[in-house]
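Peer 1: Got a structure here, written out as structure tokens. Questions coming.
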Amino acid sequence: MTAEGFLEGRRLQMARGVLLQCIMGGYPPARFYGSDDGDLALVAEPAQIHRLPWSEEGLALAICDANELDGMPSGLSTRGLLKAVIARYAALGLAPVVATELEFFVFAHNADPLQPFQPPLGRDGRRELGHSAFSVSSNNGLRPFFQEVYQCMAALGLPRDTFMHEMGVSQFEINLLHGDPLLLADQTFLFKHLLKEVALKHGLTVVCMAKPLAHTPGSSMHIHQSLVEIASGRNVFSDQKGEATEAFYHFIGGQQACMADFTALFAPNVNSYQRLCHPYASPNNACWSEDNRAAGLRIPASAPVARRVENRLPGADANPYLAIAASLAAGLHGIEQRLQPTPAIQGEFQVPEHLSLPCTLHAALERLKRSALARELFGNEFIEGYVASKTLELTDFFNEITPWERRVLAAQA
Numbered sequence: 089m090t091a092e093g094f095l096e097g098r099r100l101q102m103a104r105g106v107l108l109q110c111i112m113g114g115y116p117p118a119r120f121y122g123s124d125d126g127d128l129a130l131v132a133e134p135a136q137i138h139r140l141p142w143s144e145e146g147l148a149l150a151i152c153d154a155n156e157l158d159g160m161p162s163g164l165s166t167r168g169l170l171k172a173v174i175a176r177y178a179a180l181g182l183a184p185v186v187a188t189e190l191e192f193f194v195f196a197h198n199a200d201p202l203q204p205f206q207p208p209l210g211r212d213g214r215r216e217l218g219h220s221a222f223s224v225s226s227n228n229g230l231r232p233f234f235q236e237v238y239q240c241m242a243a244l245g246l247p248r249d250t251f252m253h254e255m256g257v258s259q260f261e262i263n264l265l266h267g268d269p270l271l272l273a274d275q276t277f278l279f280k281h282l283l284k285e286v287a288l289k290h291g292l293t294v295v296c297m298a299k300p301l302a303h304t305p306g307s308s309m310h311i312h313q314s315l316v317e318i319a320s321g322r323n324v325f326s327d328q329k330g331e332a333t334e335a336f337y338h339f340i341g342g343q344q345a346c347m348a349d350f351t352a353l354f355a356p357n358v359n360s361y362q363r364l365c366h367p368y369a370s371p372n373n374a375c376w377s378e379d380n381r382a383a384g385l386r387i388p389a390s391a392p393v394a395r396r397v398e399n400r401l402p403g404a405d406a407n408p409y410l411a412i413a414a415s416l417a418a419g420l421h422g423i424e425q426r427l428q429p430t431p432a433i434q435g436e437f438q439v440p441e442h443l444s445l446p447c448t449l450h451a452a453l454e455r456l457k458r459s460a461l462a463r464e465l466f467g468n469e470f471i472e473g474y475v476a477s478k479t480l481e482l483t484d485f486f487n488e489i490t491p492w493e494r495r496v497l498a499a500q501a
């Protein structure tokens, strides 16, 4: 839209089906988005209208809600789903507080999808080999790129907490400051967009796939969650003595009860399961533990005022609105039903069968499709549309034969 049209308050409309568009293009049948494929109104969030600092054309971006023409939120909008979950907490006098940790890879330009990604050439003319976890070295030559990333984050009002080189080859992590879940989802979305755009200016490729490289850790989007009392600001996961409360355990119990049903919401792509099935601290389980990274639900070491639950299942490829909504909805379900978690696990452990999660997109979609709880929390319209769209993506993936199949099976099968 032109700046003039936007400032005049002209309404921008969009076909409902766009919210179910597949990642490779194409749509499920029209019955999943209202048969007529009528319009939705895009309503800009006043606090999320930004000039894009990396744009030489003076472009701006506005994050919008997708509403029906009568003003009601669209049941297909993941931002709308998150707002609905937050409202349910508010009805109980509670406000969730979340933080996201986003991991990503910075690669050299890659014009051929048949070739593996490579790290950029460093200042010494060599490529990183993967020995740089938590390194302070700038030998990778990425300092100009990250300098512009920081400048753009400041211009967009994205406060960063910590930044580090992660375990993978040319893999990095930025943690955003904790706060309101809707704000954090908006910030995570903006940050991923910023990363990719700034990378293009520097001749680089930023990849937020869950698992872009074999034999290398994948990229996560861990979600840290706590609850505060709206009236007092008190963290309801800790009592006056600093001990864990019943609400804390009920929240964990809800997470455990829902994680298998909601796996397809946290791990939305075929590649997501490459990360989960090659763990490297990416646990595919609903176990919980005090400060154990092998558990899907980790309780980080912290002071009582900062007691929180870290959901380690979502990958960097997850939709931040949907992943945060699903995780918070699971915790709320536990609080409302007063669910008790299993005993905490520590050290090395075998995952009990009832706490294991689907390990393929097909299995995860089948579990989601059969979930009465998912339909209750997110509505039939969204669950059926989401499953239909993701099933098309899975079918498209199976229409290709991989190099592994040609290399291994052609001579042996």
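When we follow this note's numbering, the leftmost residue of the sequence shown carries the number 89, and every step to the right adds one.
Beta carbons are placed, not taken as given, at the ideal position from N, Cα and C, and that holds for glycine.
Source: prediction; values computed, not measured.
Could you pull the DSSP bridge partners for R400 from this structure?
Peer 2: As a first step, residue 400 must be located in the sequence shown, where it is residue number 312. DSSP, once it has assigned bridges, lists no residue as partnering R400.
Peer 1: Report the residue from F277, L480 and V286 whose alpha carbon sits nearest the alpha carbon of L410.
Peer 2: On the sequence shown, position 322 is the one that residue 410 refers to. For the residues F277, L480 and V286, the minimum Cα distance to L410 belongs to F277.
Peer 1: Report the residue from A462, L449, I262 and E144 whose alpha carbon sits nearest the alpha carbon of N359.
Peer 2: On the sequence shown, position 271 is the one that residue 359 refers to. Residue L449 is the option with its Cα nearest to N359.
Peer 1: Check whether the region 419 to 427 and the region 471 to 485 are in contact - that is, three or more C-beta pairs closer than 8 Å.
Peer 2: Because the criterion of three Cβ pairs below 8 Å is not met, the region 419 to 427 and the region 471 to 485 do not touch.
Peer 1: With 8 Å set as the bound, which would you pick, yes or no: does the beta-carbon of I262 sit closer than that to a beta-carbon of chain E?
Peer 2: Among the chains of the structure shown, chain E does not appear; only one protein chain is present.
Peer 1: So, L170 versus P269, is the Cβ gap smaller than 8 Å?
Peer 2: For the purposes of this step, residue 170 is taken as the residue at position 82 of the sequence shown. For the purposes of this step, residue 269 is taken as the residue at position 181 of the sequence shown. A contact, by the Cβ cut-off of 8 Å.
Peer 1: So which of A352, G163 and G213 has the shortest CA-CA distance to S459?
Peer 2: Position 371 of the sequence shown, counting from 1, holds the residue named residue 459. It is A352 whose Cα lies nearest to the Cα of S459.
Peer 1: For E254 and E191, which I take to be in contact (beta-carbon distance under 8 Å), what is that distance rounded to the nearest angstrom?
Peer 2: Residue mapping note: residue 254 aligns to position 166 of the sequence shown, counting from 1. Residue mapping note: residue 191 aligns to position 103 of the sequence shown, counting from 1. Right, the Cβ-Cβ distance comes to about 5 Å (below 8 Å), so this counts as a contact.
Peer 1: Could you tell me the alpha carbon to alpha carbon distance between V294 and A406, rounded to whole angstroms?
Peer 2: Against the sequence shown, residue 294 aligns to sequence position 206. Against the sequence shown, residue 406 aligns to sequence position 318. If I take the Cα positions, the gap works out to 15 Å.
Peer 1: State the DSSP-derived secondary structure class of M241, mapped to helix, strand or coil.
Peer 2: As a position in the sequence shown, residue 241 is number 153, starting the count at 1. M241: helix per DSSP, three-state reduction.
Peer 1: Decide if L453 is buried, meaning its Cβ has at least 16 other Cβ atoms within 10 Å, or exposed.
Peer 2: Within the sequence shown, numbered from 1, the residue matching residue 453 stands at position 365. Burial call: buried.
Peer 1: With a threshold of 16 other CB atoms inside 10 Å of the CB of M521, please say whether the residue is buried or exposed.
Peer 2: No answer is possible for residue 521: it lies beyond the span of the chain, which begins at 89 and ends at 501.
Peer 1: Using a Cβ-Cβ cutoff of less than 7 Å, which residues in the same chain neighbour F222 once the five nearest sequence positions on both sides are dropped?
Peer 2: Residue mapping note: residue 222 aligns to position 134 of the sequence shown, counting from 1. So the qualifying residues of the chain are M252 and H253.
Peer 1: Going by CA-CA distance only, name the one from R400, V324, F234 and S390 that's closest to M573.
Peer 2: No answer is possible for residue 573: it lies beyond the span of the chain, which begins at 89 and ends at 501.
Peer 1: Let me confirm a value: M297 is counted as buried when at least 16 other C-beta atoms fall within 10 Å, else exposed. Which label applies?
Peer 2: Reading the sequence shown from its first residue, position 209 is the one you call residue 297. With 16 or more other Cβ atoms within 10 Å, it is buried.
Peer 1: Contact check, L164 vs Y121 under 8 Å by CB: the rounded distance?
Peer 2: By one-based count along the sequence shown, residue 164 stands at place 76. By one-based count along the sequence shown, residue 121 stands at place 33. L164 to Y121, Cβ: 7 Å. Contact.
Peer 1: At 4 residues or longer, what runs of the alpha helix (DSSP H) sit wholly inside the region 286 to 341?
Peer 2: Those alpha helix (DSSP H) runs which fall completely within the region 286 to 341 and span 4+ residues do not exist here.
Peer 1: In the DSSP assignment, the beta strand (DSSP E) including P134 goes from what residue to what residue?
Peer 2: Taking the first residue of the sequence shown as 1, we reach residue 134 at position 46. Unbroken beta strand (DSSP E) run through P134: D127 to R139.
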